[in-house]
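Working notes for the structure below.
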């Protein structure tokens, strides 16, 4: 019940199809879903921010058709990827399915990949629906929260009582009975999920069709009397990122709080399985795994890493929008140098990441206190996520400063996902250690358990501060542009 959180409930794993369905495909919608969220959150909102839709919408093409065609291009691309994956999977089963019961027809394989297509598309559809109103960065955050919350709530529903109460809201939980490669079918749940996706896409198209072609800003905001948010590049960059930082931080805090308050249930379940307890003791010989910190290291830290990476990418994208939307030209008309702006605004991005982590720390501290434990050591371990987020943000700032702002956020997202997938799949694919160790995630240690990787923290500091310095140098040497 505890370790199926990452892989889902095993069904017919004594067969090749059941094993593949459980070991590989149950987590695949998360990886593909990240691409879907990133792409669909910017399909319309990103174009709006760049101003490229103004010229298109002025032509003899309706805005509704424009939105449908933009959406259709992503649906087609995702469909091609999933179909190719299905064909490769079937070919692998034909080639390596040598035991009785291993052979599976193409029909069940395609049916399994229909589930992958829809579950990967669902969070992206939600991001697409809200993007015309809230903008790309916030839509990306909403889609990411829906994706990971749905996956985690379903995976740990049987272990965490609070998750079990809302498990019916998880689309992974809704479709958990559809595993055709394992011989289990549930087309009604697939139909319900498909209908929800169509509804979300229709909402996104309708909102885009009805609103002005301006960048969503959340409405008019009154400038505070003290003007703390416009005192300089640092405060401006920080306060512009602050609402998103609070939203991401509260999400992580709630996640950590729920897991921490469920640690006693984790210990009770684990104590019933002495074989698993012995295995964990061998993996973590010097750690108190039967504690709030131990549970959070297993169930919280790994998922929080990718969420922090996505948040960092959103903050870097906001930083890059100053130049992309031509606001920087006006700012540099004041008595401030390019280097000064780059250093201070980049520091504002780091401050937003620190705020996110501070809120997450508060969540785990409260959760540990409810369990009767001190959460200070746990919070220090969680703070390592801040160093990681600043590191990949520093790389994004460096690339954006050296080249062009439009690539800063994609580089940050790509780096975060690359590290995550390399760490996750490296051992499964039996890649050489020299390649797997390129993932920064491998050098974070197990900080919630008190096992800090000093070299990894130094690397994070070098990437963050070095990236900020390179960004300033690049901004000084190149022309401004999109």
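Numbering (our numbering), first residue to last: 822 to 1303.
Glycine included, every Cβ here is placed at the ideal spot set by N, Cα and C.
For residue 1040 and residue 1167, what's the separation of their Cα atoms in angstroms? Residue numbering aside, residue 1040 sits at position 219 when the chain shown is read from its first letter. Residue numbering aside, residue 1167 sits at position 346 when the chain shown is read from its first letter. Note that residue 1040 scores a pLDDT of 40, beneath 50, so its modelled location is shaky; the value from the coordinates is reported in the next line. The alpha-carbon atoms of residue 1040 and residue 1167 are separated by roughly 25 Å.
Under 8 Å, with one C-beta from each stretch per pair, do the stretch 1060-1080 and the stretch 1144-1158 reach the 3-pair mark? no
Can you check which of these residues, 1265, 1159, 1286 and 1118, is closest to residue 1081 by C-alpha distance? Walking along the chain shown from the start, residue 1081 turns up at place 260. Taking only the C-alpha atoms, the option nearest residue 1081 is 1118.
Is the stretch 1228-1241 touching the stretch 1185-1202, taking contact as three or more C-beta pairs under 8 Å? no
Hey, would you say residue 1173 sits closer than 7 Å to residue 1136, going by beta carbons? Stepping through the chain shown from its first residue, residue 1173 is reached at position 352. Stepping through the chain shown from its first residue, residue 1136 is reached at position 315. Yes, the pair counts as a contact, with Cβ atoms nearer than the cut-off.
For my contact list, residue 862 and residue 927 are in at a C-beta cut-off of 8 Å; report their separation, rounded to the angstrom. By 1-based counting over the chain shown, the position of residue 862 is 41. By 1-based counting over the chain shown, the position of residue 927 is 106. 34 Å between Cβ atoms; not a contact.
Buried or exposed: where does residue 1008 fall if 16 or more other Cβ atoms within 10 Å of its Cβ makes it buried? Residue mapping note: residue 1008 aligns to position 187 of the chain shown, counting from 1. Classification for residue 1008: exposed.
For the alpha helix (DSSP H) that residue 979 lies in, which residues bound it at each end? Taking the first residue of the chain shown as position 1, residue 979 is located at position 158. Unbroken run through residue 979: none, as it is neither H nor E.
Can you tell which of 1026, 1025, 1128 and 888 has its C-alpha closest to the C-alpha of residue 1074? Sequence index remark: in the chain shown, residue 1074 carries index 253 (1-based). Of 1026, 1025, 1128 and 888, the residue nearest in Cα terms is 1128.
Beta carbon of residue 1113, beta carbon of residue 1084: below 7 Å? On the chain shown, position 292 is the one that residue 1113 refers to. On the chain shown, position 263 is the one that residue 1084 refers to. Cβ atoms of residue 1113 and residue 1084: closer than 7 Å.
CA-to-CA distance, residue 1064 to residue 1036, given in whole angstroms: Taking the first residue of the chain shown as position 1, residue 1036 is located at position 215. Taking the first residue of the chain shown as position 1, residue 1064 is located at position 243. Bear in mind that a pLDDT of 48 at residue 1036, under 50, signals an unreliable position, so the number given afterwards is only what the model happens to contain. Answer to the nearest angstrom: the Cα atoms are 17 Å apart.
Decide if residue 991 is buried, meaning its Cβ has at least 16 other Cβ atoms within 10 Å, or exposed. Here residue 991 refers to the residue found at position 170 of the chain shown. Residue 991 comes out buried.
Go ahead and label residue 1182 buried or exposed: buried means 16 or more other beta carbons lie within 10 angstroms of its beta carbon, across all protein chains shown. Here residue 1182 refers to the residue found at position 361 when the chain shown is read from its first residue. Per the 10 Å Cβ criterion, buried.
What are the partner residues of residue 904, as DSSP defines its beta bridges? On the chain shown, residue 904 is found 83 positions in, with the first residue counted as 1. Per DSSP, none; premise fails for residue 904.
Beta-carbon within less than 7 Å of residue 1045's beta-carbon, same chain only, minus the 5 sequence neighbours each way: which residues are those? Counting from one through the chain shown, the residue named residue 1045 turns up at place 224. No answer about residue 1045 holds up, because its pLDDT of 49 lies below 50 and its placement is not dependable.
Buried or exposed, going by whether 16 or more other CB atoms sit within 10 Å of the CB of residue 1061? On the chain shown, position 240 is the one that residue 1061 refers to. Per the 10 Å Cβ criterion, buried.
Alpha helix (DSSP H) segment containing residue 1143, residue limits: Along the chain shown, one-based indexing puts residue 1143 at 322. Residues 1122-1145.
By the DSSP assignment, the alpha helix (DSSP H) with residue 933 in it spans what residues? The sequence position of residue 933 within the chain shown is 112, counting from 1. Where residue 933 is concerned, the enclosing alpha helix (DSSP H) stretches over 927-955.
Using the rule of at least 16 other Cβ atoms within 10 Å of the residue's Cβ for burial, across every protein chain shown, is residue 832 buried or exposed? The residue labelled residue 832 in the question sits at position 11 within the chain shown. Classification for residue 832: buried.
Just confirm the distance between the C-beta atoms of residue 860 and residue 977, as a whole number of angstroms; I'd bet it's less than 8 Å. Residue 860 sits at position 39 when you count from the first residue of the chain shown. Residue 977 sits at position 156 when you count from the first residue of the chain shown. Wrong, their Cβ atoms sit about 28 Å apart, outside the cutoff.
Figure out for me which residue from 1077, 1027 and 1278 has the closest Cα to the Cα of residue 865. In the chain shown, the residue the question calls residue 865 occupies position 44. Checking every option, the nearest Cα to that of residue 865 belongs to 1027.
Within this structure, are the beta carbons of residue 987 and residue 966 separated by less than 7 Å? The residue labelled residue 987 in the question sits at position 166 within the chain shown. The residue labelled residue 966 in the question sits at position 145 within the chain shown. Going by C-beta atoms, residue 987 is not nearer than 7 Å to residue 966.
So what's residue 987 in DSSP terms, helix, strand or just coil? Position 166 of the chain shown holds residue 987. Three-state result, residue 987: coil.
8 Å contact criterion, which residue 850 and residue 907 should meet: CB distance rounded: As a working mapping, residue 850 is identified with position 29 in the chain shown. As a working mapping, residue 907 is identified with position 86 in the chain shown. Rounded, the Cβ-Cβ distance is 14 Å, inconsistent with contact.
Can you give the Cα-Cα distance for residue 1079 and residue 1289, rounded to whole angstroms? Stepping through the chain shown from its first residue, residue 1079 is reached at position 258. Stepping through the chain shown from its first residue, residue 1289 is reached at position 468. Looking at the two C-alpha atoms, the distance is approximately 35 Å.
Reference residue 1299; option with closest CA among 1057, 1163, 1175 and 1287: The residue you call residue 1299 lines up with position 478 of the chain shown. Comparing Cα positions, the closest option is 1163.
Do residue 1233 and residue 1132 have their C-beta atoms closer together than 7 Å? As a working mapping, residue 1233 is identified with position 412 in the chain shown. As a working mapping, residue 1132 is identified with position 311 in the chain shown. The answer is no: Cβ separation not under 7 Å.
Taking all protein chains shown into account, decide if residue 1279 is buried (16 or more other Cβ within 10 angstroms of its Cβ) or exposed. Residue 1279 sits at position 458 when you count from the first residue of the chain shown. Result: exposed.
Residue 1007 in three-state terms, based on DSSP: Counting from 1 along the chain shown, the entry for residue 1007 is found at position 186. Reduced to three states, the DSSP call for residue 1007 is coil.
Going by alpha carbons, who is nearest to residue 995 out of 956, 887 and 1014? On the chain shown, residue 995 is found 174 positions in, with the first residue counted as 1. Closest option to residue 995, Cα to Cα, is 1014.
Rounded to the nearest angstrom, how far is the Cβ of residue 1222 from that of residue 1291, given a contact under 8 Å? Walking along the chain shown from the start, residue 1222 turns up at place 401. Walking along the chain shown from the start, residue 1291 turns up at place 470. Rounded, the Cβ-Cβ distance is 6 Å, consistent with contact.
Near residue 936, which residues of its chain fall below 7 Å by C-beta distance, leaving aside the five closest residues on each side in sequence? To locate residue 936, count along the chain shown from 1; it is residue 115. For residue 936, where only same-chain residues beyond five positions count, the Cβ hits under 7 Å are 996, 999 and 1011.
Return helix, strand or coil for residue 1254, following the three-state DSSP convention. Looking up residue 1254 in the chain shown gives position 433. Of the three classes helix, strand and coil, the one that applies to residue 1254 here is helix, per DSSP.
Helix, strand or coil: how does DSSP classify residue 1198 here? Against the chain shown, residue 1198 aligns to sequence position 377. Residue state, collapsed to three classes: helix.
First and last residue of the alpha helix (DSSP H) that includes residue 1231? If you number the chain shown from 1, residue 1231 lands on position 410. Taken as a continuous stretch (DSSP letters only), the alpha helix (DSSP H) holding residue 1231 covers 1229-1246.
If I'm right that residue 1021 touches residue 949 with Cβ under 8 Å, what's the distance once you round it to whole angstroms? As a first step, residue 1021 must be located in the chain shown, where it is residue number 200. As a first step, residue 949 must be located in the chain shown, where it is residue number 128. Confirmed, about 7 Å.
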